[in-house]
Structure formats: C-alpha cells, structure tokens
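Trainee: This is the structure I have questions about; it appears just below.
Number of protein chains: 4
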Amino acid sequence: MIVIIRPDVSKEKIEHLIKWLGDKKLIVKEFHGREQCVLGLIGNTKLIDKDMLTSLDIVESVSDMTETFKASNRKLHPDDSILHLASGDGPTIGGGSFALIAGPCSVESREQIISVARDVKDAGANFLRGGAFKPRTSPYDFQGMGSEGLDLLLEARTETGLPIVTELMYLQDMDEFVEKKIDVIQIGARNTQNYDLLKELGKSTRAPILLKRGLAGTIKELLMSAEYIMANGNENVILCERGIRTYEQDYARNTLDLSAVPILKNLTHLPVIVDPSHATGRADLVPSMTLAAIAAGADGIIVEVHNDPKNALCDGAQSLTPKAFAELSVRIDKLRDALK
Amino acid sequence: MIVIIRPDVSKEKIEHLIKWLGDKKLIVKEFHGREQCVLGLIGNTKLIDKDMLTSLDIVESVSDMTETFKASNRKLHPDDSILHLASGDGPTIGGGSFALIAGPCSVESREQIISVARDVKDAGANFLRGGAFKPRTSPYDFQGMGSEGLDLLLEARTETGLPIVTELMYLQDMDEFVEKKIDVIQIGARNTQNYDLLKELGKSTRAPILLKRGLAGTIKELLMSAEYIMANGNENVILCERGIRTYEQDYARNTLDLSAVPILKNLTHLPVIVDPSHATGRADLVPSMTLAAIAAGADGIIVEVHNDPKNALCDGAQSLTPKAFAELSVRIDKLRDALK
Amino acid sequence: MIVIIRPDVSKEKIEHLIKWLGDKKLIVKEFHGREQCVLGLIGNTKLIDKDMLTSLDIVESVSDMTETFKASNRKLHPDDSILHLASGDGPTIGGGSFALIAGPCSVESREQIISVARDVKDAGANFLRGGAFKPRTSPYDFQGMGSEGLDLLLEARTETGLPIVTELMYLQDMDEFVEKKIDVIQIGARNTQNYDLLKELGKSTRAPILLKRGLAGTIKELLMSAEYIMANGNENVILCERGIRTYEQDYARNTLDLSAVPILKNLTHLPVIVDPSHATGRADLVPSMTLAAIAAGADGIIVEVHNDPKNALCDGAQSLTPKAFAELSVRIDKLRDALK
Amino acid sequence: MIVIIRPDVSKEKIEHLIKWLGDKKLIVKEFHGREQCVLGLIGNTKLIDKDMLTSLDIVESVSDMTETFKASNRKLHPDDSILHLASGDGPTIGGGSFALIAGPCSVESREQIISVARDVKDAGANFLRGGAFKPRTSPYDFQGMGSEGLDLLLEARTETGLPIVTELMYLQDMDEFVEKKIDVIQIGARNTQNYDLLKELGKSTRAPILLKRGLAGTIKELLMSAEYIMANGNENVILCERGIRTYEQDYARNTLDLSAVPILKNLTHLPVIVDPSHATGRADLVPSMTLAAIAAGADGIIVEVHNDPKNALCDGAQSLTPKAFAELSVRIDKLRDALK
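As structure tokens, this is what we get:
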C-alpha cells in the first residue's frame, strides 16, 4: 500500500502516522521526494482501514500497491539512487556517474594485482575488481587466495587510490569484509538466491552490494533478491546483468541480455551495470558488448583485465590486456559524449 | 587418477600405498568392489610418477581420470549406493528400494501435519515430507513455521514411525537439524550452489542429503554440487530432478526433464528421485508424471499431499488430496511390479 | 462462440441454422456427441446477436469461446479422436489403440528397408517409418533417396503389410504422396510453422498427418499448426512430442518434454505420440524414455531401428538394433497391461 | 577444401582448373581477393588427390576446410560483402553503409502506407518496410492484404523513392515478387528452415534476401539457412537478429541476442542487421536497443513505425510513432559519428 502525504506536512505529523502504522505490525518505508513524502507499507495491509487512512488531513491519496517490488520500486522512489561508498569518499554510483570497474578475475600475487591496478587506473578505470574468494562449480578447482588476496587488494587500493570491488562467498567472511572496509561487496550469480547471505548483507553493512543476476535468473528474481538486502536495512544495491543461460552455447558462454538494462532502469531506481566478460567468455567480444551496454543505458561496466591473459589462473580467455582496455576506455568516453 | 589394485593384495599394503599418496597432498578415495580395490586420486596428480606407480607389484593398472566427477562417479563405484538413515533404522534409499515421500509443502499446524502423515502412511508412503523453513523468492511472503514446524514434524514421526524429509535453508540451523536427528535433509533448488552450506553438510552430518537440481541447473552442476558434499565427508547424497526452467511456461511451471533420470543413473551410483509436484505446479499432472518418472527408472518420488489443498498456505495448486494420493499409490505398485 | 443444440433437434433444423450462420461469413464446425450436437463458430462472431441466438428454441446455450484452439479443442469434442488410414484398412490411431512405429531414419536400399521392416513387424510394430526426403540443416549433407526411397517403402509395405509413415518436406511432392497413398504423412520439426505446407495438407488429403512439435515450439504453437491443417479440411492430425531445445545439451540432444503428453491430452482430442529417438539422440536412453512416455499417457511411439546402426547414413547413434527393439517391445506390452 | 591460387596466375589457367574440378562433380566457389584467387570446393572432396592438387604449379596451397559454412564464410571471403539492389540503383547494404529500414508491421491502406513512407523518409530512413503477407501463429488471425498490399508498397516506393522490404511467405508468390521487382525480400523467423523456399530464393532471384533468425534458432542454423540460398545461386543475403526465445518472458517478448552481431560479423562477410521491434515487443525499449545494436556493430536496423500505433491491425505495442522515430534517427546519426 502506498500513502502519498500532502506537501508541507510537518515532520512530526508524518512520524506520528508512521508510528501508528508500525504498531499495526507494518513495515513502513519512507521516501522523500523534492516536495512530497511517500510511505510504502509492507506486510498485512488488510488490517488497515483504507478509507480511514484516506480521510486523514495529512494524506493526499492511498493506493493499493500490487507491485511485487517495494523498496527497489521506481514508482516509490522516482529519482535514480546515488550510492556512496562506505567511506563517504570516492566515486558515487548511479544517477549519471559511470562506474568503470576493471581488474583480474583472481588476485594471483602482489605484483600482478598492483601492476594491473596501475594499468587500469591509468586507462581511466575508477574501481578495481579482483577475486580473492572464487566460486567454482567444482570443489577440486582453484578457489582463490582467500584472506591473503583480500589484503593484496587493499594494498592495491592504497597504491592507486582505486576503491575495490570483490566477491563475498561465505557468511563467515562477512565480518572480515566489514572490518577491512571493502568498498563494494560483490555477490556472485550462484549466490543470488542465497537468502542467508542476502539478509546478512542487509543487517551488517551499508557498503554498496554489487548483486549479479542468477545463472538463469529472471529479472523479477534479481529484484526480489535486492529486496532481501534492502528490506533488511541496506538500500545500497547495484544490479548487474552478466548473461543468461540459453540454448545458444556455440559461440559465447552465455547470452548477454541487454534489454534487461532499460527494463530494470524502468522498474527500479537502483543503478544497473553490465559484465560483458563473464557473459561472453571471449575477450574479442568484450569491446563491442561494452559499447552496446553503454548505449543501452548501463550505469557502469565491470570488465576483466589481466596483464598476462594466457597464463591467468582463471578465465584468461575472457580477459582484456591492459593495452586493449586502454583502447576501449577511449572509445567509451567518445561514446558517452555522443549519448549525452 | 585411478589406481586399480590387484586382487588378493593385503589390507596393510593398500594402506601403506594410501599413506604414501596422502603424503603427496593427494586426497585418496578408496572403493572396495567384490574382488578388487580401486583408489581414486584427487588433487595435483602431476606430482605422481605414473610409470613408477604402475610398476608397483600391488598395482594392476593406473589410468588418468579425465572425468569431472570423482566421488559420485559410477566408474569408480559401479554398484548402486544404498543409503541408510542416520539412526540405522528405517527404509534404505537406492539400490532397488523405492522411496515414496509424501506430505504437505509447509507444516501449518499440529492437526494438519499429523493428519496428513497418517493418511500418507496408510496409502503406502515410507517417508513424510514437510517444510518448516520455506525458501521464498519474495522476502514479504510466508517463510514457514521454523523450529516450531520442525518439532511438529518430529511429533508426526513419533505418531506414525515415518522418517522425515525437510529442507535446511540456513547455515545457522545446521546444529538444530543434527541435534533433532532429521532423517533426510533437503537442499532446495535455490541453494544447490550455496557452497557454504554444501561443505557444512559434508562436515557436520552423515544424514542422507536430498539435493535438488538448480532452477536452471545442468546435470553436471548437480553432480558437482554433490561432489562438494561428498568431498567434505558425507557420501550419502540423493539427487532430485525437479523440473528445469525453459521457454515453455504456459501450461506447467517448469519442464520436467525425465531423461535426466537414466542419464544420472548412468553417470553416478547415487540414488535419483523425482519431484513431479514442483516440476509441474499442477496436481492434475502429478499422477502421470509420477508414473513416467518410475518408468524412467527413478529410485523414488517426492510428492505434495495436503488435506485441504484449496486453503494451503503454499503451493495448494500442486498438492494431491490424500484420496488422490492413495489411488496413485495403488497404480505405483502395479507399475513397479510390471517393470521388474 | 460455441452453440450447444438441444437434444433431439432434427437434422434439418440444425442445417438451417448452419446455413444462416454461414451467410454471416462464419465458419461453422459441427461436432456430434452421443446425444447432442455442438456448433463451433469461427470468424467475426461480433456480427452475431448472441441473445437472439440463445432465444432460438433449438438452442440450449451459447457461450463465448475464449479458447485459442477451435477444431482441435477437447471442449468442443470431448471424446478422443480415432484416426483411420486413408485406405480404411489397417490400424487406427488414438482412442485406446497404440501405435508402435519403427524403422530406420533414412531408407538406404531395398535390402535395408525390407530387412528392417520384417524385423520390426516380427517384434510387434504396427507401422513402418523411414525417411525418403530428409531435412538437413546443411545443404551439403545427404538429403535422402527421394522418390526412389518412397517406392522402396511401398515395396516394404507390400512385403509386410505394415502401413508406412514418411516425411513430406516439399510442397511440390504433395501430389506424389497422395497418388502413392502414403498411409501417414509426417511433417518435421523444421516445417511445423510452414503454413504453406500445412494449408495444402488440409486441402489435398485426408491421410493422417503426424505433426512434430517445432525445435523450440510451444504447446500452443503445435496446436495452432494443427489448426492450420484442420481449418483447411483435414481433421486427421497426430501430434508428436520430440524433445525441445533447452540450455541442457551435454548428455542428450534435446530435452524430452513428457509433461506435454498429459497437457495435450487434456487440451485436445487428437492423438499424441512421442519420438524418444530424436529427443535424446542416444540409443541407450530410448528404452527408458519409451516406457516413460507410455506411462505419461502417449498414444504411440515413433522409434528408430536400424539393422546396422554404426554404418547408418544418418542418426545411427540414436537407432536401436532390431534385437534391442524386440526386447523393448516385450517391455512395452507388459507396461501397457499394468497401466490398463 | 580450399585451394589458394598463386598470385599472377592467368584467368585461363584458373578456369581450366575449375572445369576439371567441376568434372569431378564438385561445386567450385571462386573468390577474388585483391591479389589472389581462392577456390572453395564443395561436395565429395575425398575424390580429389590432395597431393596432386598441391603439386600443380598454379596452386599455392590446399587445405581441408573443416568449416561448416562455405559460401558465407569470412575465411573464404575476408572483405565485407556489399549488396546491391536488383535494380542496380538505390542504397547498397553492408561494407560500411547503414540500412535504416522503417515502416508499419502491416500495410493497411493506401493512405497509411504513403503517409508512413513520407514520414520515415523525412526522418532519414533509406528503406521502407511493410507486410503484405503476414505469418500468423493462428489461422484465424488477420493474414495481411496480400497482392493488394504489395501494390500499395510499390506506390509508396514511386511516391518516395524508398526501396521496399517485404516478406515472402509462400512459394507460389515467388513469381509475383520477382515480376514486381521487390527490392529486398524478407524471410520471416518461421520460414528460416523452410528449405523449399530457401532453395527457390537461390534459383529465382538475385534480389537481396533479408533472412531472419529462427524463433529459437542457433547462429549456426542461421548461417546454414543462408548457405541454402547461396549454394543455389543467390549470394545476396542479409542476416537479421530478431530476438531469441528464452525463459525470460515477463518484460519483453524475446531476448535480443546482441552478441550475435559481432559473432556473425566475425564468421561471415554477409551484412548483419537487427530488429529491435519484434525482439522486445515494446516501443519504449526500441530506442535503447537500436542504439545498442549499432554500438554492437550492426549494419542496419529494421524498425516498426506506425502513424497510429494504438489502432494498428498488428503489433501496435511495438511500433514507434513517426515523431519518436525522427528523434531516434537523430540519435542514431550522432552515435554513428562517435563510433567511426
């Protein structure tokens, strides 16, 4: 249920109403637009007398919200969300900013991560990505450097000033991620419906969460997973399209679903970014898919760059060299200018 | 790498070899057939001198195992696995036994679960299913009765003697499931690649794990998830086909992939069961899909039965009435006789 | 729009009404049940005054038919259709009969087709299948023996008495198929929406048409394609599930969608058969999928049998040997007995 | 098999070799690069003595072509194909030109088609699209104006000078399309594997064929269908990505597979265009998907424009108004400038 408050109503009166609604066991989400305030009621709204609510002098109108999405819904929050890093410093995400996130699939060594970090920074990246904990389909594959990898990422951050984006896989590592002030916490495709983890991300941190779409996840499921985080307290969610599983598997690993970008931008106020590296699995397709994603309206790109793709411990075939990334970065700027 | 030991080699000699291999940081899986023993080596087998190994007098032959699956692989373990409940009592699963698992989607009340438990037992079920913790796409939907539901299931077990099958969703509930001696622990489709949970299921319990295929999971991924459990110590895994996500969505919720049954039976020694209720989402399709699953070679069926489907809190449309289940049970027996 | 006629209304009165409706440019389908007649009106039914129609003394009731399917709809024609071969002789299809259709993918020589025909007849097949015109994705692949193959099939029919099932690919071959009295004309998956061909099959013949589901066709599309044939005059259509294209491609060519069988049997009065050979592409999966299809309620099976699978010109990997087919046939009989 | 001829070999010698190869029942495709000539041999190349061929003094090298695609293969024809209209006049397609094809789904009346034609021309379109023969899943739906619609398109061509693109559905209409000199003949998604039609398009015309990908067609199948046309004599084929059928169906009709654009451009020398209207089924998604397609490297766009989308007889929801199209056209120009 959505309650639109009249303009110029005092804060006290609104808080009074919120308290009364809270007593009815409803969760109340408060959205402040430029002139008016909107309340979104979540829970058993059948307990509320809608006519009575409408008749209150501070209420402009009440409407049933048949929408499945609540906290993430653009109808309740028409302006783009602008996400800030936990530190308060550094680049913002969404609302016109562009996130160019680049780095290796896995952190492999001090030399590697710092070298790549410098290269991508020079080429224009404003975030460094790198995996310390790697989700692998097989328990027998390389699972990442773990905590040590995380520390190397922090060193690279100190060296370059680039905020870091890295994946959290396990609930028990949450505290470490929070303590080490990881700038953006990534949730991978396999964990998109790991509600355990999602709830904890809502409760334990305010760091932006980069939430990937499931391997064959629907758009609805992606938004509902964002709701799990947001309903538990952390509204800083970045949605990431990363290719979906389809019957077409001969020439690319997944099918990059770029229409998801304008669809999501229409449904939600959250920023939407694209991962062309995992979607295609082929470095030669990354530049054209990056440009296409930006033309489709993406708020950012997360792309794999490796100083030595042929010898990468993981996903080398989809990694750009620093040189190819630098060239792409120039084309991105030109394209973004033209789209303004 | 697979090492086939000559017949009639003494236990001591084999253990000696296993110790030596273990010192090379390899995980050694031991499989005892009727006459011979086979060792499966997992890890960096490049460290081993294959020629040297072959020349040992206790070794018949050594072959590189290019197979992705190891612990679950039928090549290493040609006979069907027969799974026992943790208590040692009760029905076994796999190897010719048939698991007829029935009960409501959710535990809703003492009366409901005991009434359904009695009905399904009378009709021939040998396991009771029921959800206490429910995975829901939306955080705003009914999430199950939790611990209280678990206790009601235990009561129903006491009343009827039927072992229970129920879903574990959260890592933090693992201890409760182990303490309460849940007979079979179900892992739902959304958690199939929650490696956190899978590893813990390997370490903390020897109870059979009923592992559902992902919403759009491949057969390979299902087996690799079983490997996560098995490689961590619990070899009692039941695989469950429950419908896959395809483009066809007009008449059934998912597409039940029955060819997965003979494919899995061919690849692995683990028992394979089928869930026609979630696959189709329609009670009227459950009987024919149950019979088809059995004809395809399934080791069991998990099916939803509710005493009052129209008023079920969850998934009523796919639940059989106790009467319809009793009729189906008669047809199952007749069919199983004919297939012998 | 559906018009249900009162019982005991004279033929003349019904014909009078049909003529009047026909003058309104409506197509009128007449369905005679045991006691009553039902008229299905196709076209712009907005031109009809429904109240007036309801008030006629020969009319029991009138209802808007929102159903997409008309001629094939079970609501209009509750009893199973029973299809007869054009000759009037030979086995019927549907309504409790079982069609066991077997033979090679392609006709390769006189010896081959007659040898296989004898083998499958001895094993219990009541139809012989064999391709003379082969649809191939590549224009550079073997395209079948053409007319010569058709003549060899006719010889095999004379030798064994088995009616034949063979694929028509090209419009220009229609006359030849009609003249040669091909018993059952197959339309392959690639031609399921070749409306040119479907219309002509409605106009030029009354032979049963075995219509395969498209490579990634929906159930709705399959029925609409049947409507193209039926609306043009030939109501003898057999629907065939043959596997659908999904993301799972590692272990079987397609995903056999067996829930389509009860779904179709519920929606339409037309017979529904299953092709486990093309669906799986693997001979070892054919027996279990055949049994599963029958348990799911299929009215028949079309299966590939080749006297020398390893040297078949086409699809050898999915062909049973005559011996394996004979064993399967015994199991089919046993299963069908149990399901009665 | 590919035979690379030495530079500076005389035409006569090459023709002599081609004749000799033709006598061996091989189809020989001749490709002239800037300096050298390459022969592609199609058919049973086992009959050829490869060593003998290699030893000829006019031959530089011979290699087995394991490629599935032949006539369409970029390896044999490294430069982009540039397609000319049958008339020789008008815009070319491919090789750097951009085809902006716009118009209504169906031709509905003289006024409508001429009005839209003028609007799209003014806005920058260089081709007019419009359906006279409409493929419809249901035989009971509007099937287009037929020949009369074709004549109205020709009138619109005379009025505006825009060449026309329109769909051929039925073999029997081929002569009419050829006589009326339809500039570009479209083959719809349902006919992509109608080999009857494809072969005839190879034999009867040299007009460019706009070939759409199947509803759930693979990239391989699309190219093989192009081969059916090309191997029969017409090498003027335009490939069109139009969305594929996937599990995601909540927010767009199909999933537009934009990575197919760079993949196809890499595999083949044929032009590749994109249809964002049918792919998404939603006018509001068309502009962003158009821009994304261009950024992905498409050689053109085919987009639906209707003067009165709400009252369109077909596909109104996906049609742009002329005003929206004009705005999009400005953005296309700006984007193409930036991508140069």
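Chains as they are written, first to last, in the numbering used here: chain A, 858 to 1197; chain B, 858 to 1197; chain C, 858 to 1197; chain D, 858 to 1197.
Note that beta-carbon positions come from the ideal geometry of N, C-alpha and C, so glycine has one too.
This one's a predicted model, so the numbers in the text were calculated from it and none came from an experiment.
Do I1095(B) and N1111(B) have their C-beta atoms within less than 7 Å of each other?
Mentor: Counted from its first residue, the second sequence places residue 1095(B) at position 238. Counted from its first residue, the second sequence places residue 1111(B) at position 254. No. Outside cutoff.
Trainee: Please confirm whether A1140(D) and L1115(A) have their CB atoms less than 7 Å apart.
Mentor: Against the fourth sequence, residue 1140(D) aligns to sequence position 283. Against the first sequence, residue 1115(A) aligns to sequence position 258. No; because the gap between Cβ atoms is not below 7 Å, this pair is not in contact.
Trainee: Who does D1032(D) pair with in a DSSP beta bridge?
Mentor: Here residue 1032(D) corresponds to residue number 175 of the fourth sequence, with the count starting at 1. Partner(s): none; D1032(D) has no beta bridge.
Trainee: Going along chain D, which residues have a C-beta under 7 Å from T1103(B)?
Mentor: Position 246 of the second sequence, counted from the start, is the residue given in the question as residue 1103(B). Under the 7 Å cutoff, chain D gives Y1104.
Trainee: State yes or no: is the beta carbon of I1158(A) nearer than 7 Å to at least one beta carbon in chain B?
Mentor: Translated into positions along the first sequence, residue 1158(A) becomes position 301. Not closer than 7 Å to any Cβ of chain B, the Cβ of I1158(A) fails to qualify, so no.
Trainee: Quick one: which chain A residues come within Cβ less than 7 Å of P935(B)?
Mentor: Within the second sequence, the letter at position 78 stands for residue 935(B). Simply none; closest approach about 22 Å.
Trainee: Thinking A956(C) and P948(C) are a contact (beta carbons under 8 Å), I'd like their distance in whole angstroms, please.
Mentor: Taking the first residue of the third sequence as 1, we reach residue 956(C) at position 99. Taking the first residue of the third sequence as 1, we reach residue 948(C) at position 91. That belief holds up - the Cβ atoms of A956(C) and P948(C) are roughly 7 Å apart, short of 8 Å.
Trainee: Do you know offhand how far Q893(D)'s Cα is from M1146(D)'s?
Mentor: Numbered from 1 along the fourth sequence, position 36 holds the residue referred to as residue 893(D). Numbered from 1 along the fourth sequence, position 289 holds the residue referred to as residue 1146(D). For Q893(D) and M1146(D), the distance between alpha carbons rounds to 40 Å.
Trainee: My output table needs one value for Q893(B): the three-state DSSP class, helix, strand or coil.
Mentor: Residue numbering aside, residue 893(B) sits at position 36 when the second sequence is read from its first letter. Three-state result, Q893(B): coil.
Trainee: Indicate whether S995(A) and M1081(B) have their beta-carbon atoms separated by less than 7 Å.
Mentor: Position 138 of the first sequence, counted from the first residue, corresponds to residue 995(A). Position 224 of the second sequence, counted from the first residue, corresponds to residue 1081(B). Yes.
Trainee: According to a CB-to-CB cut-off of less than 9 Å, which residues of the stretch 1123–1157 of chain C neighbour chain B?
Mentor: Listed in sequence order: N1123, L1124, P1133, A1136, T1137, R1139, D1141, L1142, P1144, S1145, M1146, T1147, L1148, A1149, A1150, I1151, A1152, A1153, G1154.
Trainee: Just grab the DSSP bridge partners of E1024(A) for me.
Mentor: In the first sequence, residue 1024(A) corresponds to position 167, counting from 1. Note: E1024(A) sits in a beta bridge opposite Q1043(A).
Trainee: Relative to chain D, which residues along the stretch 1053–1073 of chain B have a C-beta separation below 8 Å, given in chain order?
Mentor: Residues A1073.
Trainee: Identify each residue in the stretch 1008–1029 of chain D for which the Cβ-Cβ distance to at least one residue of chain C is less than 9 Å, and report them in chain order.
Mentor: Cβ contacts with chain C: M1026, Y1027, L1028, Q1029.
Trainee: Is it a yes or a no for the stretch 1124–1135 of chain C touching the stretch 1130–1139 of chain B, going by three-plus beta-carbon pairs under 8 Å?
Mentor: Short answer: they don't touch.
Trainee: State the Cα-Cα distance for the pair A989(B) and E869(A), rounded to the nearest angstrom.
Mentor: Position 132 of the second sequence, counted from the start, is the residue given in the question as residue 989(B). Position 12 of the first sequence, counted from the start, is the residue given in the question as residue 869(A). The alpha-carbon atoms of A989(B) and E869(A) are separated by roughly 42 Å.
Trainee: Checking contacts by CB at 7 Å: is E995(C) closer than that to chain D?
Mentor: Numbered from its first residue, the third sequence carries residue 995(C) at position 138. In the sequence as presented, Glu is not what sits at residue 995(C); that position holds Ser. Taking Cβ atoms only, chain D reaches closer than 7 Å to S995(C), which makes this a yes.
Trainee: Are K1180(D) and G1173(D) close, meaning C-beta to C-beta below 7 Å?
Mentor: Working through the fourth sequence from its first residue, we reach residue 1180(D) at position 323. Working through the fourth sequence from its first residue, we reach residue 1173(D) at position 316. Not closer than 7 Å, so no.
Trainee: Residues in the same chain with beta-carbon distance under 6 Å from L874(C), minus the five sequence neighbours each way, listed in chain order, please.
Mentor: As a position in the third sequence, residue 874(C) is number 17, starting the count at 1. Excluding positions up to five away in sequence, the list is empty.
Trainee: DSSP puts F888(C) in a beta bridge; with which residues?
Mentor: In the third sequence, counting from the first residue as 1, residue 888(C) sits at position 31. Looking at the DSSP assignment, F888(C) forms a beta bridge with V895(C).
Trainee: So which residues on chain D does R1047(C) lean against when the C-beta distance must stay under 8 Å?
Mentor: Taking the first residue of the third sequence as 1, we reach residue 1047(C) at position 190. Within chain D, the residues near R1047(C) are Q1050, N1051, Y1052.
Trainee: Can you name, in chain order, every residue of its own chain whose Cβ lies under 8 Å from the Cβ of L1142(C), other than the five neighbours on each side?
Mentor: Residue numbering aside, residue 1142(C) sits at position 285 when the third sequence is read from its first letter. Hits under 8 Å: A1109, P1133.
Trainee: Starting from the beta carbon of A956(B), find every residue of chain C whose beta carbon is closer than 7 Å, and list them in chain order.
Mentor: For this step, residue 956(B) is matched to residue 99 along the second sequence. Under the 7 Å cutoff, chain C gives no residues; its nearest Cβ is about 18 Å from A956(B).
Trainee: Which bits of chain C does T925(D) rub up against, with CB to CB less than 8 Å?
Mentor: In the fourth sequence, the residue the question calls residue 925(D) occupies position 68. Per Cβ cutoff of 8 Å: S995.
Trainee: With a cut-off of 7 Å, does the C-beta of S972(B) fall near any C-beta of chain C?
Mentor: One-based indexing of the second sequence puts residue 972(B) at position 115. Answer no: the Cβ-Cβ gap between S972(B) and chain C never drops below 7 Å.
Trainee: Using a C-beta cutoff of 7 Å, does I1189(D) count as contacting chain A?
Mentor: As a working mapping, residue 1189(D) is identified with position 332 in the fourth sequence. Not an interface residue.
Trainee: Closer than 7 Å, Cβ to Cβ, to anything on chain C: give me those residues from the stretch 1076–1088 of chain D, in chain order.
Mentor: The stretch 1076–1088 of chain D vs chain C, Cβ under 7 Å: E1078, M1081, E1084, Y1085, A1088.
Trainee: How should T911(C) be labelled, buried or exposed, when 16 other C-beta atoms within 10 angstroms of its C-beta is the threshold for buried?
Mentor: For the purposes of this step, residue 911(C) is taken as residue 54 along the third sequence, with counting starting at 1. Label assigned to T911(C): exposed.
Trainee: Kindly list, in the order they appear in chain B, the residues whose Cβ is closer than 7 Å to that of A1109(C).
Mentor: The sequence position of residue 1109(C) within the third sequence is 252, counting from 1. Within chain B, the residues near A1109(C) are S1116, I1120.
Trainee: Are any of the Cβ atoms in chain A nearer than 7 Å to that of A1174(D)?
Mentor: Locating residue 1174(D) in the fourth sequence gives position 317, where the first residue counts as 1. So no, A1174(D) is outside the interface.
Trainee: Does the beta-carbon of V1187(A) have 16 or more other beta-carbons within 10 angstroms, so that it is buried, or is it exposed?
Mentor: Numbered from 1 along the first sequence, position 330 holds the residue referred to as residue 1187(A). That one is exposed.
Trainee: Quick test of the definition: if touching needs 3 or more C-beta pairs under 8 Å, does the stretch 1069–1083 of chain C touch the stretch 1011–1018 of chain C?
Mentor: Not touching, per the Cβ criterion.
Trainee: Cβ of I970(D) within 7 Å of Cβ of G952(D)?
Mentor: Here residue 970(D) is taken as the residue at index 113 of the fourth sequence, counted from 1. Here residue 952(D) is taken as the residue at index 95 of the fourth sequence, counted from 1. No, the Cβ-Cβ distance between I970(D) and G952(D) is not below 7 Å.
Trainee: Is I1120(B) closer than 7 Å to I1076(B) when the C-beta atoms are compared?
Mentor: The count along the second sequence starts at 1 and reaches residue 1076(B) at position 219. The count along the second sequence starts at 1 and reaches residue 1120(B) at position 263. Yes. Within cutoff.
Trainee: Counting C-beta neighbours from all protein chains within 10 Å, is the total for G879(A) 16 or more, i.e. buried, or is it exposed?
Mentor: Mapped onto the first sequence, residue 879(A) falls at position 22. Answer is exposed; the Cβ neighbour count stays below 16.
Trainee: Ends of the beta strand (DSSP E) at G1157(D)?
Mentor: Mapped onto the fourth sequence, residue 1157(D) falls at position 300. Where G1157(D) is concerned, the enclosing beta strand (DSSP E) stretches over 1157–1161.
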